[in-house]
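Residue numbers (our numbering): 108 to 309.
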(Lines of atoms letter the chains of each structure in order from A and count residues from 1; the text may use other names and numbers.)
(Lines give C-alpha, C1' and ligand atoms only; values in the text may rest on other atoms or scores of the structure.)
Protein backbone atom coordinates (compact mmCIF):
# COMPACT_ATOMS: atom_id res chain seq x y z
CA UNK A 1 0.00 0.00 0.00
CA UNK A 2 2.82 2.41 0.85
CA UNK A 3 4.51 1.83 -2.51
CA UNK A 4 1.21 2.32 -4.31
CA UNK A 5 0.72 5.63 -2.49
CA UNK A 6 4.30 6.79 -3.10
CA UNK A 7 4.01 6.01 -6.81
CA UNK A 8 0.74 7.92 -7.06
CA UNK A 9 2.14 10.97 -5.25
CA UNK A 10 5.56 10.84 -6.90
CA UNK A 11 7.16 10.70 -3.44
CA UNK A 12 10.10 8.75 -2.06
CA UNK A 13 9.36 5.59 -0.07
CA UNK A 14 10.76 4.43 3.26
CA UNK A 15 10.07 0.84 4.30
CA UNK A 16 11.33 1.09 7.87
CA UNK A 17 10.60 -2.56 8.56
CA UNK A 18 13.08 -3.47 5.84
CA UNK A 19 15.86 -1.71 7.77
CA UNK A 20 15.15 -3.82 10.86
CA UNK A 21 14.96 -6.96 8.74
CA UNK A 22 18.25 -6.06 7.05
CA UNK A 23 19.88 -5.44 10.43
CA UNK A 24 18.75 -8.88 11.61
CA UNK A 25 20.05 -10.52 8.42
CA UNK A 26 23.38 -8.67 8.66
CA UNK A 27 23.83 -9.73 12.30
CA UNK A 28 23.06 -13.34 11.39
CA UNK A 29 25.49 -13.17 8.49
CA UNK A 30 28.21 -12.07 10.94
CA UNK A 31 27.17 -14.78 13.45
CA UNK A 32 26.23 -12.13 16.03
CA UNK A 33 23.69 -13.08 18.69
CA UNK A 34 20.62 -10.87 18.33
CA UNK A 35 20.74 -10.07 22.05
CA UNK A 36 24.32 -8.82 21.79
CA UNK A 37 25.16 -5.09 22.07
CA UNK A 38 26.99 -5.54 18.75
CA UNK A 39 23.66 -5.53 16.90
CA UNK A 40 23.38 -1.74 17.34
CA UNK A 41 26.80 -1.35 15.72
CA UNK A 42 25.61 -3.55 12.85
CA UNK A 43 22.59 -1.25 12.42
CA UNK A 44 24.80 1.84 12.33
CA UNK A 45 27.19 0.36 9.76
CA UNK A 46 24.51 -1.27 7.60
CA UNK A 47 25.69 -1.42 3.98
CA UNK A 48 22.33 -1.35 2.27
CA UNK A 49 20.71 0.15 -0.78
CA UNK A 50 17.33 -0.06 -2.50
CA UNK A 51 16.98 -0.06 -6.27
CA UNK A 52 14.30 1.84 -8.18
CA UNK A 53 11.90 -1.11 -7.85
CA UNK A 54 12.41 -1.24 -4.08
CA UNK A 55 14.53 -4.40 -4.06
CA UNK A 56 16.95 -4.49 -1.11
CA UNK A 57 20.67 -5.13 -1.37
CA UNK A 58 22.83 -6.04 1.62
CA UNK A 59 26.56 -5.76 0.96
CA UNK A 60 25.62 -5.49 -2.76
CA UNK A 61 23.76 -8.83 -2.72
CA UNK A 62 20.01 -8.80 -3.44
CA UNK A 63 18.26 -10.20 -0.36
CA UNK A 64 14.73 -9.18 -1.23
CA UNK A 65 13.10 -12.61 -1.06
CA UNK A 66 14.93 -13.53 2.15
CA UNK A 67 13.89 -10.18 3.59
CA UNK A 68 10.19 -10.96 3.17
CA UNK A 69 10.07 -14.30 4.98
CA UNK A 70 8.17 -14.59 8.24
CA UNK A 71 11.30 -15.89 9.96
CA UNK A 72 13.16 -12.68 9.12
CA UNK A 73 10.13 -10.67 10.23
CA UNK A 74 10.16 -12.37 13.62
CA UNK A 75 13.88 -11.64 14.03
CA UNK A 76 13.28 -8.01 13.08
CA UNK A 77 10.49 -7.69 15.64
CA UNK A 78 12.87 -9.09 18.28
CA UNK A 79 15.60 -6.52 17.68
CA UNK A 80 13.08 -3.70 17.17
CA UNK A 81 12.30 -3.91 20.89
CA UNK A 82 15.86 -2.77 21.68
CA UNK A 83 16.37 0.96 22.35
CA UNK A 84 19.98 0.91 21.10
CA UNK A 85 18.99 -0.56 17.74
CA UNK A 86 16.09 1.87 17.34
CA UNK A 87 18.40 4.79 18.14
CA UNK A 88 20.98 3.54 15.63
CA UNK A 89 18.38 3.45 12.85
CA UNK A 90 16.52 6.67 13.72
CA UNK A 91 18.75 9.16 11.90
CA UNK A 92 19.00 6.81 8.95
CA UNK A 93 15.21 6.73 8.63
CA UNK A 94 14.85 10.50 8.95
CA UNK A 95 17.40 10.99 6.17
CA UNK A 96 14.86 9.57 3.72
CA UNK A 97 12.74 12.72 4.11
CA UNK A 98 13.66 14.61 0.95
CA UNK A 99 11.80 16.67 -1.66
CA UNK A 100 9.29 16.31 -3.15
CA UNK A 101 8.03 14.21 -0.23
CA UNK A 102 8.13 10.87 1.55
CA UNK A 103 5.72 8.04 2.27
CA UNK A 104 7.13 6.35 5.37
CA UNK A 105 5.85 2.86 6.14
CA UNK A 106 6.43 1.56 9.65
CA UNK A 107 4.96 0.91 13.05
CA UNK A 108 6.31 4.06 14.75
CA UNK A 109 6.53 6.48 11.82
CA UNK A 110 3.89 8.91 13.08
CA UNK A 111 4.74 8.65 16.77
CA UNK A 112 8.56 8.60 16.89
CA UNK A 113 10.36 8.92 13.56
CA UNK A 114 8.24 11.65 11.95
CA UNK A 115 6.07 13.11 14.74
CA UNK A 116 5.55 16.32 12.71
CA UNK A 117 4.46 14.57 9.51
CA UNK A 118 1.81 16.47 7.55
CA UNK A 119 -0.45 13.42 7.27
CA UNK A 120 -0.40 10.33 9.48
CA UNK A 121 -2.33 7.17 8.68
CA UNK A 122 -2.58 4.07 10.86
CA UNK A 123 -3.60 1.15 8.68
CA UNK A 124 -4.97 -1.89 10.47
CA UNK A 125 -6.78 -5.16 9.72
CA UNK A 126 -7.57 -8.37 11.56
CA UNK A 127 -4.71 -10.82 12.04
CA UNK A 128 -6.57 -13.34 9.89
CA UNK A 129 -6.94 -10.96 6.95
CA UNK A 130 -3.33 -9.76 7.20
CA UNK A 131 -2.14 -13.37 7.33
CA UNK A 132 -4.21 -14.24 4.26
CA UNK A 133 -2.78 -11.27 2.34
CA UNK A 134 0.73 -12.20 3.44
CA UNK A 135 0.17 -15.85 2.49
CA UNK A 136 -0.86 -14.87 -1.03
CA UNK A 137 2.13 -12.52 -1.30
CA UNK A 138 4.61 -15.21 -0.22
CA UNK A 139 3.11 -17.86 -2.49
CA UNK A 140 3.12 -15.35 -5.35
CA UNK A 141 6.85 -14.83 -4.77
CA UNK A 142 7.49 -18.56 -4.95
CA UNK A 143 8.01 -18.99 -1.21
CA UNK A 144 6.41 -21.63 0.99
CA UNK A 145 3.92 -20.49 3.62
CA UNK A 146 1.53 -21.91 6.21
CA UNK A 147 -1.59 -19.83 6.81
CA UNK A 148 -2.23 -21.01 10.39
CA UNK A 149 1.40 -20.35 11.33
CA UNK A 150 1.23 -16.89 9.74
CA UNK A 151 -1.80 -15.99 11.83
CA UNK A 152 -0.02 -16.99 15.04
CA UNK A 153 3.19 -15.18 14.05
CA UNK A 154 1.30 -11.98 13.25
CA UNK A 155 -0.57 -12.13 16.57
CA UNK A 156 2.67 -12.73 18.46
CA UNK A 157 4.43 -9.87 16.66
CA UNK A 158 1.53 -7.50 17.32
CA UNK A 159 1.59 -8.41 21.00
CA UNK A 160 5.37 -7.90 21.18
CA UNK A 161 5.22 -4.57 19.38
CA UNK A 162 2.25 -3.21 21.34
CA UNK A 163 3.87 -4.03 24.67
CA UNK A 164 7.47 -3.02 24.07
CA UNK A 165 8.75 -0.23 26.32
CA UNK A 166 10.24 1.81 23.48
CA UNK A 167 8.04 3.08 20.61
CA UNK A 168 5.10 0.72 21.15
CA UNK A 169 2.68 0.04 18.32
CA UNK A 170 -0.03 2.70 18.75
CA UNK A 171 -1.61 5.18 16.36
CA UNK A 172 -0.53 8.81 16.69
CA UNK A 173 -3.27 10.95 18.32
CA UNK A 174 -3.70 12.91 15.07
CA UNK A 175 -3.59 9.90 12.74
CA UNK A 176 -6.39 8.70 10.50
CA UNK A 177 -7.09 5.11 11.57
CA UNK A 178 -8.28 2.82 8.77
CA UNK A 179 -9.47 -0.72 9.43
CA UNK A 180 -8.98 -2.37 6.05
CA UNK A 181 -10.34 -5.79 7.09
CA UNK A 182 -13.37 -5.51 4.80
CA UNK A 183 -12.02 -2.95 2.32
CA UNK A 184 -10.48 -3.35 -1.12
CA UNK A 185 -7.07 -1.86 -1.81
CA UNK A 186 -8.76 0.71 -4.06
CA UNK A 187 -11.10 1.76 -1.25
CA UNK A 188 -8.19 2.13 1.17
CA UNK A 189 -6.25 4.19 -1.35
CA UNK A 190 -9.25 6.49 -1.86
CA UNK A 191 -9.59 7.07 1.89
CA UNK A 192 -5.88 7.81 2.17
CA UNK A 193 -5.86 10.23 -0.75
CA UNK A 194 -8.92 12.09 0.59
CA UNK A 195 -7.15 12.51 3.94
CA UNK A 196 -3.87 13.58 2.31
CA UNK A 197 -5.70 16.23 0.28
CA UNK A 198 -7.63 17.38 3.36
CA UNK A 199 -4.33 17.82 5.23
CA UNK A 200 -3.00 19.99 2.40
CA UNK A 201 -0.08 17.71 1.56
CA UNK A 202 -0.81 17.90 -2.18
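Here a beta-carbon is modelled for each residue, glycine too, at the ideal position from N, C-alpha and C.
For residue 156, the secondary structure class from DSSP, reduced to helix, strand or coil, is strand. Using a 10 angstroms sphere on the CB of residue 109, the tally of other CB atoms reaches 16 or more, which defines it as buried. Residue 166 sits in coil when the DSSP states are folded into three classes, being neither helix nor strand. C-alpha of residue 119 to C-alpha of residue 145: approximately 30 Å in a straight line. DSSP, read as helix, strand or coil, puts residue 229 in strand. For residue 219, there is no enclosing beta strand (DSSP E), as DSSP gives it neither H nor E. Sequence-distant Cβ neighbours of residue 195 in its own chain, meaning closer than 6 Å and more than five residues away, are 147, 150, 151. The three-state reading of DSSP puts residue 114 in helix, counting H, G and I together. Distance from the CA of residue 303 to the CA of residue 141, rounded to the nearest whole angstrom, comes to 38 Å. The Cβ atoms of residue 232 and residue 286 sit closer than 8 Å to each other. In this structure, residue 113 lies near residue 210, with their beta-carbon atoms less than 8 Å apart.
The three-state reading of DSSP puts residue 273 in coil, since its state is none of H, G, I, E or B. Under DSSP, residue 121 takes part in a beta bridge, and its partners are 211. Contact between residue 153 and residue 130 holds: CB atoms are separated by about 6 Å, below the 8 Å threshold. Residue 286 is bridged by DSSP to 231.
Rounded to whole angstroms, residue 191 and residue 197 show a C-alpha spacing of 10 Å. Taking residue 236 as reference, the option from 185, 183, 261 with the minimal CA-CA separation is 261.
Between residue 173 and residue 132, the C-beta spacing is below 8 Å.
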